[in-house]
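Novice: Provided herewith is a single structure, encoded as structure tokens, for subsequent inquiry.
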């Protein structure tokens, strides 16, 4: 028996209806925030992702040569494709450009709870603006999305990669070794960072002060300890977010976001209910367009791990009620099948969701099927009632039945 | 500058909003017909598509080996994946199972008008039922979808592959050469079919009668000429469709649908406005599940070429009106930026789509931007008005301005 490939999933109707409903909530928030959707191809020139993340990214890409010998990769994320699309076709659009996306991404990694090889990301980018207000828009929308989904416990942590980069430069780490140091700081591997910094010639006291800085975590009051321009920037950002009603924030200068391309503000949201793999959202401000052949343009964006946040909601016990359909039409005998077809078509034409027995089932079985597809009403079409212009409407919950006009079944219901 | 791969497209916001709107219409029809959505992975074991279509399919697949040495292929269509998902996880569901899907499919072929390497299909399958009512459901829904999109000129042609298969067997073509003959009939290449049939030993008169059969085209009255069970079946089907209000049908026994896996009724819809590449929809009844390791289950399905039907609509001059947003909030000076942030958040919280200047623009430029994003109103936040609890609401179409309460901007609008 052929199965779906490892790390991928089939979404059957019950599960998918739930996912679409939550997707719809995220779309609604994006629309209210004035973001518009953009869609890019499932695969790109592999070069795009190498330019963004370095050749190391290849080991976790689904990459291959197409029949025209092109190096192709299934997208592992959607920021690079969106910025490529911007460079190719939206350069002259009035700024800021506010776009969101939702779709499949692909990473060849070991599947585990909440981590799939085909996974779904919902994200947004604000292209062409580099103000605290820009970052506030992104964070406020992420917060609104998490809240709108109904997730009860979550934490948003805001940092500034500029603070760390500045400090790293100040204590004498050359540019070409910054990534190496940041990588250790990202994972709080201070014991591994120490020999590297010593090797570079950084004084031990400076190294420890750097570690302290990445441990600067707390309410917005810790911003008093954040030096320089970045501190001023973050205070302004937190102020705007306060005006927007986003107040449950934590400052965490240890937010590095891997070896990513962020330049200034960075943020993450996590759901503690998920345990070790608790991150549900991440983003920040960056520039990428110049890597793809465009002018340098500042942007801020974030992505929500859709599978991950749904897992968190499930673990919090958030329930979803399946929708069902309005009516299931059952012809009692073969001689009324055509009449039943007329009736189901009329119901559909009037905007109702309606289905009809197509297997010639007897009443008991047909009612059982109607129940299984969550029909709210069964419309029972019998010869005798039909001759009087009527059909029988059965409330599937209560079992109550009554005769109603065949051409106006739901009048008064 | 990196472009999107050949044969793929970026959908920028204006275009995508239109596509989503049309997708929503198709989703609405599917829902009213009692179909529920299913989603399968973007890629599958390549074997799945070889089982369905034979190894010849490989030449037009995007297939590759993943890092675990699996033979993988991007899906070229979604019926095989849906039936695989049925075999894997829906075998015990009450029948019939009515599902629809929408998503990207991939074929490595030369891109041309309306034909892309990444293209979109909207389709449906009714699994586990083999009655004329089943086929009627599928055809009626396809017709309703085409009509709901507003396409003015289209033709639905219904055939029956069983009629041809029976006749081909009757005149002495052995089973292993049936595909070869059908392939020529599909393309109406009678001159190429003649030597094949002669080689098999079919009498010339029988060959010509076979060609005549595939040329049986016309209104439902030509059904009188269709022999045997298949004729009876098609007459019943057309009768049910009549009850469902689907009457603009053509009978065409020449509909073969390539070398596909159909067993009985087959149908196609075409939009003449598209010229040579006019097919917008195709389907029929089939069995596939037994190929994928399940029991043999009868199904009927169809797929709409989403890109193709949109192209037809465009060629017919069907226009789409972009949506825009409700309000664009403009702070007149820096000292009211926080107040403006409060206002935009309040509008969003009340369900309005609202945006705010994040670039500190002067009034004229901000209004120009509001216009470019199709804001219906500009909300101008000035110090003086704000001190009186008011803001200025500007109708972006008429330019008319009036003072409104800051905490209830859209009262009476």
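Chains as they are written, first to last, in the working numbering: chain C, 10 to 422; chain P, 10 to 422.
Glycine included, every Cβ here is placed at the ideal spot set by N, Cα and C.
(1) Three or more beta-carbon pairs under 8 Å between the stretch 172-183 of chain C and the stretch 125-144 of chain C, yes or no?
(2) Can you list, in chain order, the residues of its chain with a C-beta nearer than 7 Å to that of residue 258/P? Leave out the 5 residues immediately preceding and following it.
(3) Kindly indicate the opening and closing residues of the alpha helix (DSSP H) around residue 357/C.
(4) Identify the contact partners of residue 17/P in chain C, using a Cβ-Cβ distance below 7 Å as the criterion.
(5) Using only the alpha-carbon positions, how far apart do residue 224/P and residue 123/P sit?
(6) At 3 residues or longer, and completely inside the stretch 66-108 of chain C: list those beta strand (DSSP E) runs for me, N to C.
(7) In this structure, how does DSSP classify residue 183/C when only helix, strand and coil are distinguished?
(8) So what's residue 205/C in DSSP terms, helix, strand or just coil?
(9) Going by C-alpha to C-alpha distance, which of 295/C, 159/C, 332/C sits closest to residue 25/C?
(10) Could you tell me whether the Cβ of residue 117/C comes closer than 8 Å to any Cβ of chain P?
(11) I want to verify the contact list: residues of chain C whose CB lies under 7 Å from the CB of residue 76/P, in sequence order.
(12) Strictly under 8 Å for the Cβ-Cβ distance: is residue 13/P near chain C by that measure?
(13) How about residue 295/C and residue 271/C: do their beta carbons lie closer than 8 Å?
(14) Would you please verify whether the beta carbon of residue 96/C is less than 8 Å from any beta carbon of chain P?
(15) Put residue 137/C into one of helix, strand or coil per three-state DSSP.
(16) For residue 38/P, which three-state DSSP category applies?
(17) Can you tell which of 109/C, 312/C, 352/C, 274/C has its C-alpha closest to the C-alpha of residue 288/C?
(18) Hey, is residue 42/P's beta-carbon within less than 8 Å of any beta-carbon in chain C?
(19) So, using beta-carbon positions, are residue 98/P and residue 21/C closer together than 8 Å?
(20) Among all the DSSP beta bridges, which residues are the ones paired with residue 404/C?
(21) Between 43/P, 144/P, 35/P, which has its C-alpha nearest residue 309/P's C-alpha?
(22) Mind listing which residues of the stretch 78-90 of chain P have their C-beta closer than 7 Å to chain C's C-betas, in chain order?
(23) Say whether the stretch 77-84 of chain P touches the stretch 49-63 of chain P, bearing in mind that this needs 3 or more beta-carbon pairs closer than 8 Å, one atom from each stretch.
(24) Using the three-state DSSP reduction, which class does residue 14/P fall into: helix, strand or coil?
(25) Within a Cβ cutoff of 7 Å, which residues of the same chain sit near residue 234/C, ignoring the five residues on either side of it in sequence?
(26) Taking the CB atoms as reference points, tell me whether residue 382/C and residue 334/C lie closer together than 8 Å.
(27) DSSP state of residue 422/P, grouped into three classes?
(28) For a quick check, are the C-beta atoms of residue 45/P and residue 96/P less than 8 Å apart?
(29) Are the C-beta atoms of residue 214/C and some chain P residue less than 8 Å apart?
(30) Grab me the residues of residue 87/P's own chain with a C-beta within less than 8 Å of its C-beta, minus the 5 sequence neighbours each way, in chain order.
(31) Could one say the Cβ of residue 304/C lies closer than 8 Å to chain B's Cβ atoms, at least one of them?
(32) Excluding five sequence neighbours on each side, which residues of the same chain lie with their C-beta closer than 7 Å to the C-beta of residue 116/P?
(33) Relative to chain P, which residues along the stretch 116-145 of chain C have a C-beta separation below 8 Å, given in chain order?
(34) For residue 260/C, would you say it is in contact with chain P, using Cβ-to-Cβ distances shorter than 8 Å as the test?
(35) Could you pull the start and end residues of the beta strand (DSSP E) that residue 292/P belongs to?
(36) Going along chain C, which residues have a C-beta under 9 Å from residue 415/P?
Specialist: Based on what the coordinates show:
(1) no
(2) Looking up residue 258/P in the second chain gives position 249. The answer, listed in chain order, is 165, 167, 229, 247, 250.
(3) Position 348 of the first chain, counted from the start, is the residue given in the question as residue 357/C. Residues 346-358.
(4) In the second chain, residue 17/P corresponds to position 8, counting from 1. Those are 50, listed as they occur along chain C.
(5) Sequence index remark: in the second chain, residue 224/P carries index 215 (1-based). Sequence index remark: in the second chain, residue 123/P carries index 114 (1-based). The straight-line gap from Cα to Cα measures roughly 28 Å.
(6) Every beta strand (DSSP E) stretch that sits fully inside the stretch 66-108 of chain C and reaches 3 residues is listed by chain position as 72-74, 80-83.
(7) Your numbering for residue 183/C matches position 174 in the first chain. If DSSP states are grouped into helix, strand and coil, residue 183/C belongs with coil.
(8) The residue labelled residue 205/C in the question sits at position 196 within the first chain. Residue 205/C falls in the helix class under three-state DSSP.
(9) As a working note, residue 25/C is residue 16 in the first chain. Of the listed residues, the one whose Cα sits closest to residue 25/C is 332/C.
(10) Counting from 1 along the first chain, the entry for residue 117/C is found at position 108. With 8 Å as the cut-off, residue 117/C counts as an interface residue toward chain P.
(11) By one-based count along the second chain, residue 76/P stands at place 67. Those are 117, listed as they occur along chain C.
(12) Position 4 of the second chain, counted from the first residue, corresponds to residue 13/P. Closer than 8 Å: yes.
(13) Along the first chain, read from residue 1 onward, the residue named residue 295/C stands at position 286. Along the first chain, read from residue 1 onward, the residue named residue 271/C stands at position 262. Cβ atoms of residue 295/C and residue 271/C: closer than 8 Å.
(14) On the first chain, residue 96/C is found 87 positions in, with the first residue counted as 1. Chain P, which has a Cβ nearer than 8 Å to the Cβ of residue 96/C, makes this yes.
(15) Position 128 of the first chain, counted from the start, is the residue given in the question as residue 137/C. DSSP, reduced to helix, strand and coil, places residue 137/C outside both helices and strands of the structure shown, so it counts as coil.
(16) Translated into the one-based positions of the second chain, residue 38/P becomes position 29. Here residue 38/P sits in helix by DSSP.
(17) Along the first chain, read from residue 1 onward, the residue named residue 288/C stands at position 279. Minimum Cα distance to residue 288/C is reached at 312/C.
(18) Translated into positions along the second chain, residue 42/P becomes position 33. By this cut-off, residue 42/P is an interface position.
(19) By 1-based counting over the second chain, the position of residue 98/P is 89. By 1-based counting over the first chain, the position of residue 21/C is 12. Contact: yes.
(20) The count along the first chain starts at 1 and reaches residue 404/C at position 395. Note: residue 404/C sits in a beta bridge opposite 386/C.
(21) Translated into the one-based positions of the second chain, residue 309/P becomes position 300. Nearest option by C-alpha distance: 144/P.
(22) 79, 81
(23) yes
(24) One-based indexing of the second chain puts residue 14/P at position 5. If DSSP states are grouped into helix, strand and coil, residue 14/P belongs with coil.
(25) Here residue 234/C refers to the residue found at position 225 of the first chain. So the qualifying residues of the chain are 225.
(26) Taking the first chain and counting its residues from 1, the one referred to as residue 382/C is at position 373. Taking the first chain and counting its residues from 1, the one referred to as residue 334/C is at position 325. Yes, Cβ-Cβ distance for residue 382/C and residue 334/C is below 8 Å.
(27) For this step, residue 422/P is matched to residue 413 along the second chain. Coil.
(28) Walking along the second chain from the start, residue 45/P turns up at place 36. Walking along the second chain from the start, residue 96/P turns up at place 87. Going by C-beta atoms, residue 45/P is not nearer than 8 Å to residue 96/P.
(29) Locating residue 214/C in the first chain gives position 205, counting from the first residue. No, its Cβ sits nowhere closer than 8 Å to a Cβ of chain P.
(30) Within the second chain, the letter at position 78 stands for residue 87/P. Around residue 87/P: 49, 110, 112, 114, 130, 132, 312.
(31) Protein chains C and P are contained in the structure displayed, whereas chain B is not.
(32) Indexing the second chain from 1 puts residue 116/P at position 107. Taken in chain order, the residues that qualify are 69, 85, 126.
(33) 117, 127, 135, 138, 140, 142, 143, 145
(34) Numbered from its first residue, the first chain carries residue 260/C at position 251. No, its Cβ sits nowhere closer than 8 Å to a Cβ of chain P.
(35) Walking along the second chain from the start, residue 292/P turns up at place 283. Where residue 292/P is concerned, the enclosing beta strand (DSSP E) stretches over 288-296.
(36) In the second chain, the residue the question calls residue 415/P occupies position 406. The premise fails here: residue 415/P is roughly 13 Å from chain C at the closest Cβ pair, so nothing lies under 9 Å.
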